[in-house]
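In full-length UniProt numbering, the protein residues as written are 1 to 379. Data block below; observations after.
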C-alpha cells in the first residue's frame, strides 16, 4: 500500500484520487507510523524479545526510526530547494520526485519483509490432548503399554442424555461477524478501555499540532526556506532518537509508568510555549527542547502495554490502542485548520500542551500500581 500510494502521488493530480491514496496507503501527516501495521510490528518485537529487554529493543527501534526521519528531512529539504531554485524545476515536479523516492523506499521494505522468518508469526496454542486410535495401545512409561484384554468387557449402556443437554445451534451471521473481533479477558478489557481513553486524549492533542502544521507555523510566522526548515526538524528527530535510549536507563531506575509521565510532561509544556517567543531562535529552541523528551515515553509505553495484558492478547490490544490513537489524532488537523483560517493557529499549541499534561496525570493516577500480567514479566 505504501508503494502504491507513493506511485499515485507521483503521477496523479486529482484531489479525489490523492485523498483515496492517502487513506488507503496510510500516509501520515506527521511522518510517523499510524497504520494498522504498527500493532503487528510491536507485537512481533515483543514476541521475539525477552521481557527484560523489551524496553531496550523498542528504544533502539524508535532511535533508528527518528534518525532515519532526520536523514529524510534534511536531505529532502535541501533537495527540493535545489530543484526549485538552481535546477529550475516547478514545485509540483519537485514534490513528485520526492514521492518517487518514497515509493522506492516502500519497494525496499517490501523486499526485506519477504525475508522475515516464521518466528515472527503468532504462536499457536498447544494441543491439550492427543487423539489415540481405537486399536492403539496407550504408552505409560518407557516400554510399558496397556494391553487390551482377550475377553471383551460387556458394554454398559449410557444413561439417557438429559433434556437440557442439546446440540449447539449453528452460529448466526451476527455471531460470525462478532467472532472477528478480539476476545479479551475481563481484566484486560478494564485495562484496555482505560488506556484507550487516555491514549485518545494524548493523540487528539498530538493531532492538533502534527509536524506538518508545525512546519507550516514556522514558515508562516518567520518566513523560513525549506532548507532551513529541514535542518531544524532534522535536529529535532536526531534529538528524539538519542533521547529514546536515555528513557530505557531511566525506566530501569524508576519504572515504566513514572518514566512515561516524567519525560512526557516537560515536552507538553515546551509545546504549549512554542508560539510565545517573538523570534525564530527561541521558538526553535522550544521545539528542540520539546523533542528532547517527547519520544522518551514511547518505548516504556509500548513495553508497558505489552506487559499488562496476556501474551495471546498482545496483538489485539496493541491494535485496539493504535486504532483509538489514529481515530483521535484524525480529528486534530480539522480543528487546527479552522484555527489557522481564523488566525489563531497558536491556540492549537496551547490546547495540545494542556491535553497532553492531562494525559500524563491520568496515566500516573490510574496505572501507577498496575502489576504486569505477562507471565514472564515482573514490575
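Just so you know, even glycine gets a beta-carbon here, dropped at the ideal spot from N, CA and C.
Residue environment, residue i, which counts as buried when at least 16 other CB atoms sit within 10 Å
| i | result |
| --- | --- |
| residue 115 | exposed |
| residue 365 | exposed |
| residue 281 | exposed |
| residue 113 | exposed |
| residue 341 | exposed |
| residue 183 | exposed |
Residues of its chain near residue i, where Cβ-Cβ distance is below 7 Å and the 5 sequence neighbours each way are ignored
| i | result |
| --- | --- |
| residue 251 | 55, 259 and 300 |
| residue 99 | 6, 9 and 10 |
| residue 219 | 229 |
| residue 308 | 191, 370, 372 and 373 |
| residue 94 | 80, 83 and 84 |
| residue 328 | 200, 203, 204 and 207 |
| residue 324 | 196, 199 and 200 |
Where residue i falls: helix, strand or coil (DSSP)
| i | result |
| --- | --- |
| residue 372 | coil |
| residue 266 | helix |
| residue 115 | coil |
| residue 89 | coil |
| residue 274 | coil |
| residue 25 | coil |
| residue 280 | helix |
| residue 67 | helix |
| residue 202 | helix |
| residue 223 | coil |
| residue 210 | coil |
| residue 287 | helix |
| residue 1 | coil |
| residue 333 | helix |
| residue 447 | The structure shown does not extend to residue 447, since the chain is modelled only from 1 to 379, so the question has no answer here. |
Same chain only: Cβ atoms within 6 Å of residue i, ignoring 5 sequence neighbours per side
| i | result |
| --- | --- |
| residue 238 | 70 |
| residue 268 | 353, 356 and 357 |
| residue 293 | 263, 266 and 267 |
Distance between beta carbons of residue j and residue i, contact taken as under 8 Å
| i | j | result |
| --- | --- | --- |
| residue 199 | residue 61 | Actually they are not in contact, since the Cβ atoms of residue 199 and residue 61 sit about 19 Å apart, beyond 8 Å. |
| residue 363 | residue 257 | 6 Å |
| residue 78 | residue 227 | 5 Å |
| residue 81 | residue 234 | Their Cβ separation, rounded to whole angstroms, is 14 Å, which puts residue 81 and residue 234 out of contact at 8 Å. |
| residue 107 | residue 3 | 6 Å |
| residue 244 | residue 318 | Incorrect: roughly 18 Å between the Cβ atoms, too far for contact. |
| residue 1 | residue 25 | 5 Å |
Sequence-distant residues of its chain with Cβ nearer than 8 Å to residue i (five each side left out)
| i | result |
| --- | --- |
| residue 254 | 262 |
| residue 16 | none |
Stretch-stretch touch, CB-based, cutoff 8 Å, three pairs: the stretch 39–47 with the stretch 189–197: no
The stretch 344–353 in contact with the stretch 207–219 per 3-pair CB rule at 8 Å: yes
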